[in-house]
Every structure is written in structure tokens, then in C-alpha cells.
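Engineer: For the working numbering, add 2 to where a residue sits in the sequence shown, where the first one is 1. Each residue gets a CB set at the ideal place from its N, CA and C atoms; glycine is no exception.
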Amino acid sequence: MIHGAHDFLGAAAKETGTFNWFYADAHDIAYYSSGRLPQRSMLTNPNFIGWGTASGYEWQGFQVSSCSGGLITPPGPDSTGASTTGATTTACGYAADWLTADGSAQDPHPHAINPPSGFLTNWNNKPAPEWSAADSNFGFGSIYRVMSLTDRVRATLARGPATPVAIVNDMEDAGSVDLDGSKLVPPMLAVLGPGGKPEERRVLGVLAGWVQPDDLGAHRRESAGDPNSYQQGNAVAIMDALYPNLVHAIFDPWLGDHNAPGNLYPKVFALKKLSDAPGPVGSAYDESSGGWESYVNTALRQVSGQPINDAASQVYCGSTNGSPGTLSRCRDALRDALDTTIAQLTAAYGTSDPAQWTCNTNNPPGQCNPKNDYIHFQAVGAQSTDPMHWINRPTFQQVVQ
């Protein structure tokens with residue numbers, strides 16, 4: 003029986019699946035990240051190669067026990083009709099030392115009751131500092147989509163007590179944020195500083211206006227006056243073209259020219275793709291699925307000399323000949339990326355005027371088009387459903403007062 007937040011933590015700790023659990027009553031809020039997690043040896047680092055046979059490298063207390071004789075899968079067509087040759091699988095049980103999970107204050111699983119911020123947010127993100135992701139996930143970094151929600155809730159609470167309507171509005175507003183724009187434009191502008199060519203200043207002015215007010219803008223949503231166009235669609239068009247150019251401006255000196263054979267990008271992209279952009283499934287900017295926003299954001303802040311708790315081993319932006327980057331060389335690299343973007347959009351739209359770089363459903367291929375972001379539905383039965391405008395929605399939403 004749950005009588006309060008502490009009871010909740012104890013109950014959530016009994017769940018062996020890896021889930022985020024939240025609790026709220028009239029007095030308290032709480033969070034627990036559950037999961038039956040093995041104790042790793044201190045000799046291992048899941049991000050590096052480890053010995054698979056040497057003593058001391060296994061999970062702590064790991065023991066294989068009670069192997070079955072084998073599960074036989076006969077040859078024949080599989081569920082898709084493809085031919086299979088069959089297989090024999092041997093199933094074994096095992097035991098290991100598991101991370102303590104009891105919901106106590108000493109429980110190493112991420113958990114909280116009534117944090118100082120006064121609120122809890124989570125969008126499948128890293129649950130706590132220095133808490134590792136799954137071994138196949140290289141996406142946890144300085145940027146994650148939950149920040150779009152956290153920033154808005156924090157701003158709401160700064161104005162006074164929050165109402166359910168205000169929190170729902172924050173969730174809705176966060177759902178249309180372009181994470182590339184909201185978290186990369188401000189540090190990019192800080193590196194570039196004033197000056198530059200007139201055409202560069204015009205484009206940067208469009209981006210600066212897009213992320214306002216107070217860096218709570220950068221939306222991909224239809225205009226109130228024209229449902230076929232994105233609001234501030236020229237900024238969306240610019241950012242879509244600029245983002246990959248920023249990545250290559252910063253990391254080509256380390257990974258090789260992305261246009262040249264033998265560069266390392268295909269191998270790195272196999273671990274983490276360049277972008278998790280809006281598209282047919284709705285969910286986007288999920289750093290566990292893809293996106294280099296964290297790498298770019300950290301590189302830009304690091305070259306600017308900003309304090310970073312877990313800085314990269316190198317100053318990547320502005321590197322040359324394997325040497326660490328400098329602010330002046332980084333600024334030059336970003337301006338080259340900006341000039342490349344301007345040239346690409348000028349060719350695509352037939353004009354160098356950023357005001358004409360629209361994002362409209364009637365635009366031809368090669369130009370920004372909201373239809374590329376539309377959410378598509380799978381028909382069940384005879385009736386289909388039309389696509390809908392993109393919004394980065396959760397699985398479900400619930401409001402409790």
C-alpha cells in the first residue's frame with residue numbers, strides 16, 4: 003500500500019524493467035528510475051574494448067547455471083514467407099550481483115523527492131549526472147529534447163505558482179521546438195560575434211529572431227495566417243541546411259573531409275546518426291536515436307572558454323593539422339559553413355534574399371517543405387487517416403490536479 007512518496011520509491015524499486023516512474027500527491031512529488039542492473043567490474047568501461055575471458059572483467063558475481071538441452075527451430079518459411087534453415091538454441095540461466103534497489107536514500111538508482119527546482123521533467127533522457135546509457139547508446143550529452151520542456155516549466159515557475167493550464171501550455175509549446183535551432187544558434191552566435199559580410203549578418207539576424215524570446219522560440223509550427231507555411235519558415239529552411247554544415251565544419255579536421263573517400267563518418271554514423279529529425283513517426287530529437295547536437299553544442303561552448311563540467315578531451319572547433327582548435331579558427335570555420343549554406347539556399351530558391359526562403363507545402367523538392375515533417379498513420383481496417391502537422395508528442399499525456 004502506497005501512503006506517500008517514500009512508499010512509492012520502495013514500490014518502484016521492485017520493478018525489474020528499466021522505466022521512469024513519477025509520483026505526485028497533495029504534498030510531494032517523486033521520481034525513480036527502475037531496472038535490474040548488473041554490477042560491473044571496476045576494470046571495465048562499456049565504451050571501450052574489454053576482455054571477455056580474463057578473470058575479474060565479468061559482471062560481479064556472474065555464474066552460468068542450468069543450461070537446457072536446446073530449443074530447436076525447424077526449417078521452413080518464417081512469418082514473412084522467407085525460407086529458413088532452422089536453428090538450435092541452448093538456453094542457460096545465470097546469476098549475478100545486481101545493483102541495490104530498495105528505494106532508500108542509499109539506493110544508487112536515480113531517484114528524487116521534492117527536488118530544489120520544485121519540479122521534475124523527463125523525456126526518455128539521461129536520468130541523472132554520470133548515469134550511463136545502454137552500451138549501444140552514445141547519445142547522452144549536453145543537449146536533450148527534455149530541455150525544451152524544462153526551460154519552459156522553469157520560466158513559468160519563475161513568474162509565480164503554476165496552474166495546470168500553464169503546465170499544459172508548456173508541454174504543448176515544447177512539442178514544436180526545433181532542438182537544432184534552440185540549442186545551437188545561441189552558442190554559434192556567441193562564437194561568431196559581430197561583424198561578417200552583409201549576407202551573413204542578414205541570415206544570422208533571421209536565426210537570432212527565431213530563437214527569441216529568451217531562447218524559448220525556434221519552433222517548427224504552422225503559421226496562424228497560413229496553415230501551409232511554417233511560422234518563420236525561412237529560419238527553419240536556414241537551420242535545416244546549416245546544421246550538417248556546422249557538423250562538418252567542426253569535425254571534418256578530425257574525421258576527414260566528408261566528401262572524400264576513406265573518411266570516418268560512415269563508421270561514426272553507424273554508432274550515432276547525424277540527426278533524429280522530425281518525420282512520419284512524430285518523435286524527434288531523441289538523442290538515444292541520433293543527433294549530434296550535444297557534440298556541436300559542447301564544441302562551441304568549449305572553444306568559447308565557457309566552463310563545462312565534462313569537457314571533451316580536445317577543443318574540436320577550429321582544429322588544423324591535428325592541433326586543438328582556437329576561437330579565431332573556429333569562427334572562420336563557422337563562417338565558411340554559413341557561406342556554404344547561403345550558397346545552397348540561393349541555388350535552391352533562385353534568390354539570395356532570406357525572406358524568400360520559405361517553408362511551404364507547395365514548395366518543390368530541394369526547398370523546405372512542412373510535408374517532410376508530417377506525421378503519418380498506419381491504417382487499421384478499411385479507413386485511413388490523413389497525415390497531420392508535426393509535433394513532438396509523448397506516448398500519452400495526463401494532467402492531475
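1. What is the C-beta distance between SER178 and ARG222, in whole angstroms, given that I count them as a contact (C-beta under 8 Å)?
2. If you reduce the DSSP assignment to three classes, tell me which class ALA381 lands in.
3. What's the call for MET3, buried or exposed, on a 16-neighbour Cβ count within 10 Å?
4. Should TRP294 be labelled buried (16 or more other beta-carbon atoms within 10 Å of its own) or exposed?
5. Use the C-beta contact count for GLU60: other C-beta atoms within 10 angstroms, 16 or more gives buried, fewer gives exposed.
6. Which one of ASP153, SER138, GLY19 has the shortest CA to CA distance from PRO215?
7. Is DSSP giving PHE10 helix, strand or coil here?
8. So ASN24 is in the beta strand (DSSP E); what residue range does that whole segment cover?
9. Quick one: what does DSSP say GLU295 is sitting in, helix, strand or coil?
10. Please name the residue in TYR34, THR18, ALA243, TRP133 whose C-alpha comes closest to that of ALA345.
11. Just how far apart, CA to CA, sit GLU202 and ILE252?
12. Here's a check: name, in chain order, each residue in its chain whose Cβ is nearer than 7 Å to the Cβ of ILE417, leaving out the five neighbours to either side.
13. So the beta strand (DSSP E) TYR34 belongs to, where does it begin and stop?
14. DSSP puts SER325 in a beta bridge; with which residues?
15. Inspect the CB distances between the segment 258 to 269 and the segment 352 to 363 and report whether three or more fall short of 8 Å.
16. Strictly by DSSP, which residues pair up with HIS113?
Structural biologist: Let me lay it out:
1. 6 Å
2. coil
3. exposed
4. buried
5. Counting Cβ neighbours within 10 Å, GLU60 comes out buried, since at least 16 surround it.
6. From the listed residues ASP153, SER138, GLY19, the smallest Cα separation to PRO215 is found for ASP153.
7. helix
8. The displayed chain sequence assigns Phe, not Asn, to residue 24. Taken as a continuous stretch (DSSP letters only), the beta strand (DSSP E) holding PHE24 covers 22 to 26.
9. helix
10. ALA243
11. A direct Cα-Cα distance of roughly 18 Å separates GLU202 from ILE252.
12. Summary: the structure shown does not reach residue 417, with the chain confined to residues 3 through 403, and so no result is reported for it.
13. It spans 31 to 35 - the beta strand (DSSP E) in which TYR34 sits, taken as one unbroken run.
14. THR322
15. no
16. TYR34
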